[in-house]
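Asker: Per the working numbering, the very first residue in the sequence shown carries number 129; after that it's consecutive.
Take this structure, written in structure tokens, and hold onto it; I'll ask about it next.
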Amino acid sequence: MIVNCNYQRLDGPVRGNSKVIQEFEGIFRGAGYDCIKLIWGDVWNDLVDNDNDGQLIEVLERTPDGDCQRYSAKQDGALIRAEIFEVNGLADRVAHLSDAELLSAFMLPGGHDHKKIYAAMEQATDNCERGGRPTVILAKTLKGFSLATFQGCNAVHQQKSLKYDELLSFRDVLNIPLMDDQIANPVGGEFFRNPGPESPEVQYMKAQRDSPEATCHCELPLRLVTSSSFHQQTPTRCLMPEVPRP
129 MIVNCNYQRL
139 DGPVRGNSKV
149 IQEFEGIFRG
159 AGYDCIKLIW
169 GDVWNDLVDN
179 DNDGQLIEVL
189 ERTPDGDCQR
199 YSAKQDGALI
209 RAEIFEVNGL
219 ADRVAHLSDA
229 ELLSAFMLPG
239 GHDHKKIYAA
249 MEQATDNCER
259 GGRPTVILAK
269 TLKGFSLATF
279 QGCNAVHQQK
289 SLKYDELLSF
299 RDVLNIPLMD
309 DQIANPVGGE
319 FFRNPGPESP
329 EVQYMKAQRD
339 SPEATCHCEL
349 PLRLVTSSSF
359 HQQTPTRCLM
369 PEVPRP
């Protein structure tokens with residue numbers, strides 16, 4: 129099972145928690161699940177590996193979801209540096225990173241990091257094959273990921289179109305093979321890119337679809353209920369004991 133945790137509703141933060149991933153972890157572990165948490169992306173590996181005293185992990189663990197949402201919405205590397213590292217005496221941990229690099233690391237949570245996702249799925253599959261307990265993956269994600277200027281903001285729900293510079297950024301993040309002039313002056317269906325039947329993407333999807341392990345969809349006949357069906361039901365009476373009135 130995978131639970132998508134992006135901290136946001138249509139009109140504001142998710143209410144009722146300060147650390148929703150830890151809250152879910154407690155619920156699932158109490159029900160007998162193994163939990164895999166995808167919180168920080170691959171860029172954070174070096175920072176965590178060098179956290180010999182555990183101070184950085186402690187700071188990140190006590191940073192509430194509301195603050196993480198605010199950092200994502202403001203997209204300010206200097207703010208992240210000041211409130212997470214400098215305030216807690218950890219400025220030297222990120223002295224080698226610019227504000228832009230620190231922001232880039234923060235804006236790539238574990239739920240969007242392909243390496244972390246693959247590793248989590250491999251671990252969950254291994255648990256299953258060994259006959260272990262059921263596994264849940266709690267993935268921290270960013271609403272509107274790859275949509276540049278408004279990722280992590282509630283405005284993404286009302287966004288109907290992208291400006292030219294936003295389209296350029298979107299293209300670069302997703303490596304879409306379109307030239308600048310094609311985006312500025314689109315002709316026909318250029319935005320609807322078809323990689324072609326022989327492309328690796330299409331070949332992979334076909335192989336997965338045709339594999340023996342692929343899900344087999346079948347259509348079941350719809351059983352219509354007629355009015356006579358209701359007359360055939362035996363009426364039942366509520367057998368709740370009567371409560372004496374005072």
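Ideal placement from N, C-alpha and C gives every residue a C-beta, glycine not left out.
Because the structure is a prediction, the values reported are computed rather than measured.
By DSSP's criteria, Cys133 is part of a beta bridge. Which residues make up the other side?
Answerer: The residue labelled residue 133 in the question sits at position 5 within the sequence shown. Beta-bridge pairing links Cys133 to Lys268.
Asker: Helix, strand or coil for Lys165, going by three-state DSSP, please let me know.
Answerer: Counting from 1 along the sequence shown, the entry for residue 165 is found at position 37. Of the three classes helix, strand and coil, the one that applies to Lys165 here is strand, per DSSP.
Asker: Let's test the definition: count the other Cβ atoms within 10 Å of the Cβ of Asn178 and tell me whether it reaches 16, buried, or not, exposed.
Answerer: Walking along the sequence shown from the start, residue 178 turns up at place 50. Under this definition Asn178 is an exposed residue.
Asker: For Val215, count neighbouring C-beta atoms within 10 Å of its own C-beta (all shown protein chains included) and say buried if the count is 16 or more, exposed if not.
Answerer: Here residue 215 is taken as the residue at index 87 of the sequence shown, counted from 1. Exposed, by the Cβ-count rule.
Asker: Using C-beta distances below 8 Å, list every residue in its chain close to Val176, excluding the 5 sequence neighbours before and after it, in chain order.
Answerer: Residue numbering aside, residue 176 sits at position 48 when the sequence shown is read from its first letter. Within the same chain, Val176 has close Cβ partners Trp168, Leu184 and Ile185.
Asker: Spatial neighbours of Val264 within its chain, please: CB distance less than 7 Å, with the 5 preceding and 5 following residues excluded, ordered by chain position.
Answerer: Within the sequence shown, the letter at position 136 stands for residue 264. Within the same chain, Val264 has close Cβ partners Met129, Val131, Phe156, Tyr161 and Cys163.
Asker: Suppose you measure from the CA of Met333 to the CA of Thr269; what does that come to, to the nearest Å?
Answerer: For the purposes of this step, residue 333 is identified with residue 205 of the sequence shown, where counting begins at 1. For the purposes of this step, residue 269 is identified with residue 141 of the sequence shown, where counting begins at 1. So the two alpha carbons sit approximately 24 Å from each other.
Asker: Between the beta-carbon of Val330 and the beta-carbon of Pro340, is there less than 9 Å?
Answerer: Mapped onto the sequence shown, residue 330 falls at position 202. Mapped onto the sequence shown, residue 340 falls at position 212. Contact: no.
Asker: Whole angstroms is fine: what's the gap from Phe298's alpha carbon to Arg221's?
Answerer: Working through the sequence shown from its first residue, we reach residue 298 at position 170. Working through the sequence shown from its first residue, we reach residue 221 at position 93. If you take the alpha carbons of Phe298 and Arg221, they lie about 31 Å apart.
Asker: Give me the residue from Cys196, Ser226, Leu225 and Arg321 with the minimum Cα distance to Pro237.
Answerer: Here the question's residue 237 lines up with position 109 in the sequence shown. Looking at the Cα atoms, Cys196 is the closest of the given residues.
Asker: Go to Val315, then tell me how far its alpha helix (DSSP H) extends in each direction, as first and last residue.
Answerer: Counting from one through the sequence shown, the residue named residue 315 turns up at place 187. Run containing Val315: none; DSSP gives neither H nor E here.
Asker: Report the three-state DSSP secondary structure of Pro237 (helix, strand or coil).
Answerer: As a position in the sequence shown, residue 237 is number 109, starting the count at 1. Strand at Pro237.
Asker: Is there contact between the stretch 255-264 and the stretch 187-195, where contact requires at least three CB pairs shorter than 8 Å?
Answerer: With a cut-off of 8 Å, the stretch 187-195 and the stretch 255-264 do not count as touching, because too few Cβ pairs lie within range.
Asker: Thr191 by DSSP, collapsed to three states: which one?
Answerer: Counted from its first residue, the sequence shown places residue 191 at position 63. If DSSP states are grouped into helix, strand and coil, Thr191 belongs with coil.
Asker: Using only the alpha-carbon positions, how far apart do Ser146 and Gln336 sit?
Answerer: The count along the sequence shown starts at 1 and reaches residue 146 at position 18. The count along the sequence shown starts at 1 and reaches residue 336 at position 208. Straight-line Cα distance between these residues: approximately 40 Å.
Asker: Determine, using beta carbons only, whether Ala248 and Ala233 come nearer to each other than 9 Å.
Answerer: To locate residue 248, count along the sequence shown from 1; it is residue 120. To locate residue 233, count along the sequence shown from 1; it is residue 105. In this structure, Ala233 does not lie closer than 9 Å to Ala248 by Cβ.
Asker: Report the partner residues of Thr263 according to the DSSP bridge assignment.
Answerer: In the sequence shown, residue 263 corresponds to position 135, counting from 1. In DSSP, Thr263 forms a bridge with Asp162.
Asker: Going straight from the alpha carbon of Gln150 to that of Ser200, what length do you get?
Answerer: If you number the sequence shown from 1, residue 150 lands on position 22. If you number the sequence shown from 1, residue 200 lands on position 72. Taking the straight line joining both Cα atoms gives about 20 Å.
Asker: Would His240 and Phe273 qualify as a contact pair, given that the criterion is a beta-carbon distance under 9 Å?
Answerer: On the sequence shown, position 112 is the one that residue 240 refers to. On the sequence shown, position 145 is the one that residue 273 refers to. Yes. Within cutoff.
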